[in-house]
Every structure is written in structure tokens, then in C-alpha cells.
Amino acid sequence: MAQRTVLITSFKGGVGKSTVSANLAVALAAMGKKVLAVDCDFKMRCLDLIFGCEDRVLYDLSDYFEGRMPLSKVLLSPETCENITLAPAPYECDGGLTEENWRAFLNEPETKAFDYILFDTPGEAGGQMLRIAPLCDTALVIANPHATSIRAAEKTAMTLQEAGVSDRFLLVNAYENKKGDASPSLLSIIDRTAVRLLGLIPLDRTIPEKQDRGLFPEASGLHASNAGIAFANIAKRLEGRSVPLASGFRGIDRRKYIK
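Residue 122 is where the sequence shown starts when you use my numbering, and the numbers rise one by one after that.
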């Protein structure tokens, strides 16, 4: 299979883009794929924290783009995550990058070695996202079941369409459909965003605490969680496999997601 470049995005912050990026990288790596996770939030990087390698970041993407260091010196592999490499964002960078800068990045020998390149973008309209989007095969628009997030997902999808990204998918994150819950249904979210659904990630309140310890929800075994299973399902769908929605979820009636 040819290399896949995947944009993980939303114009709204706080919807879980970095969490999705990291966990999707872990799920793909568990399938034997070599994954490069690129932190594109040049003002609030966090993938190094999620992967537990913040103390090992000596150089970042600003060092590469400004010519101070070759890309090989910037990339690092989290010690606890096999098959994953991280390209850390700088703490502060005035931007100024162009689509051609990112094209040159993708043409580096180091980046050619990966099966997947995941771009984790900041929660803002325009900026890095618009420069990277035309270079990506696929865009994953992240939304959670809140009105502001859904509107942002709709706007994000429209902007991606204008940028020429035809392979656009919706991921609904932190979804919980309890009895009496006033949040919109899954079908309503799909209708309002007008984006094809690739997967949903059930709400898992343990994820933040696990992330603080450099851990990820498990997709198999005794301690498997529905969130971990969801990320594994999404990774399989990216690989072209047909996986039913909520396949493998435990203790959940799949029909409850459609109301």
C-alpha cells in the first residue's frame, strides 16, 4: 500500500484532535504500520506530552524549516511506542510556512520511509491547516456532540472541500448517548456536517489520566476499552477494511447510537 498522508483537523479547539492523532498512530502501529506523527500546533504543542517524550525533545520543526538542523535530528521515537516517530512542533514560531515548505518536508528521504503521516493541526481556521491540506490524501474532521463543535466541523469540511480535499471523513469523539441525553444524535451530526462518518469514539473519562502517564486505551485483552477498540476499528477502515460501526464494543447496544 502506498504512503498515506492524513490531516486530523477541526477549526475548534478542545475536541480531541491530538488525542485522536496519538491514539490513531498507536492503533496503526499495532497493525505493523510505520507512522510519523507531525505536531503542527506551533504555539501549543502537546504530542510530545501524550507520547511521554517531552524530556527528549532537543530540536523541533522550526529547527528544520529554518535550516538549523536536518530532519533526521528533529525526529524522535517515543520509547514506549514501537513503529511511531514524532516530529515535534516548536513552543513558539512566527509561522510563515508555505505549501512548498511542507511539500519539501514530505519529499525528504526520512519521511518517505513511513506508511502513514498524520498531521495534527491546531484548533483554528486557516493557518497551517490550509497549507498542509492540499498535500494530504485524506482529512479526518473531528467533532464531539456539542453544537459549537458540530458547527466548526461543518465549516472545516467546507473549507477542505474548497481546498480540493475530496477524501473527507468525520470522526465523532467522546460520544455518549444516555437515556434522556439532550445531545444531538449521531445521524443528526452526520446530516449537519455533511461529511461521511469514518468512526465514533465513545466517551472514556479515563483517557486524560492515562495520557498524563503516557498510557493509551487498550484495544484487546482483559483491559480493553471501547475507546481503544474504536481507534483500532478506525485504523482498519483507513486500511480499506469493512468494519461495522461499534464493532467489538463491550456492554453497549449498538442500536443506541442511532436514534
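The beta carbon of each residue, even a glycine, is placed where N, CA and C say it ideally should be.
Next item on the list: Counting only the same chain and skipping the five closest in sequence on each side, list residues whose C-beta sits under 8 Å from that of V147.
Entry: As a working mapping, residue 147 is identified with position 26 in the sequence shown. C202, I205, F337, F352.
Check: Between which two residues does the alpha helix (DSSP H) harbouring V141 extend?
Finding: As a working note, residue 141 is residue 20 in the sequence shown. V141 -> alpha helix (DSSP H) spans 138-151.
Next item on the list: Please say whether A268 and P291 have beta carbons closer to each other than 8 Å?
Entry: Reading the sequence shown from its first residue, position 170 is the one you call residue 291. Reading the sequence shown from its first residue, position 147 is the one you call residue 268. Reading off the sequence shown, one finds Leu at residue 291, where the question assumed Pro. The answer is no: Cβ separation not under 8 Å.
Notebook entry, point to check: So what does DSSP say about V364, is it helix, strand or coil?
Noted result: Taking the first residue of the sequence shown as 1, we reach residue 364 at position 243. Per DSSP, reduced to three states, the secondary structure at V364 is coil, with no helix or strand assignment.
Note to self: By the DSSP assignment, the beta strand (DSSP E) with Y185 in it spans what residues?
What the structure shows: On the sequence shown, residue 185 is found 64 positions in, with the first residue counted as 1. Taken as a continuous stretch (DSSP letters only), Y185 belongs to no beta strand (DSSP E), being part of the alpha helix (DSSP H) at 182-186.
Check: What number of angstroms, rounded off, separates the C-alpha of L192 from the C-alpha of M250?
Finding: In the sequence shown, the residue the question calls residue 192 occupies position 71. In the sequence shown, the residue the question calls residue 250 occupies position 129. Taking the straight line joining both Cα atoms gives about 21 Å.
Check: Relative to the C-alpha of D258, which residue among F132, D176, F240 is closest?
Finding: As a working mapping, residue 258 is identified with position 137 in the sequence shown. Among F132, D176, F240, the Cα nearest to that of D258 belongs to F240.
Next item on the list: Hey, could you find the ends of the beta strand (DSSP E) A295 is sitting in?
Entry: In the sequence shown, residue 295 corresponds to position 174, counting from 1. Element bounds for A295: 289-296.
Check: Quick one, are the C-beta atoms of L218 and D169 less than 8 Å apart?
Finding: Position 97 of the sequence shown, counted from the first residue, corresponds to residue 218. Position 48 of the sequence shown, counted from the first residue, corresponds to residue 169. Contact flag unset, no.
Check: Shortest alpha-carbon distance to G137 belongs to which of G361, F370, Q332?
Finding: Within the sequence shown, numbered from 1, the residue matching residue 137 stands at position 16. Checking every option, the nearest Cα to that of G137 belongs to Q332.
Next item on the list: Leaving out five residues on either side along the sequence, give the residues of the same chain with a beta carbon under 6 Å from the beta carbon of G349.
Entry: In the sequence shown, residue 349 corresponds to position 228, counting from 1. So the qualifying residues of the chain are P338, E339, A340.
Next item on the list: For the segment 179-249, list the alpha helix (DSSP H) runs that are entirely contained and at least 4 residues long, ordered along the chain.
Entry: Complete alpha helix (DSSP H) runs here, min 4: 182-186, 192-195, 220-227, 230-233.
Note to self: For D160, count the other beta carbons within 10 Å of its own beta carbon; 16 or more makes it buried, fewer makes it exposed. Which is it?
What the structure shows: In the sequence shown, counting from the first residue as 1, residue 160 sits at position 39. That one is buried.
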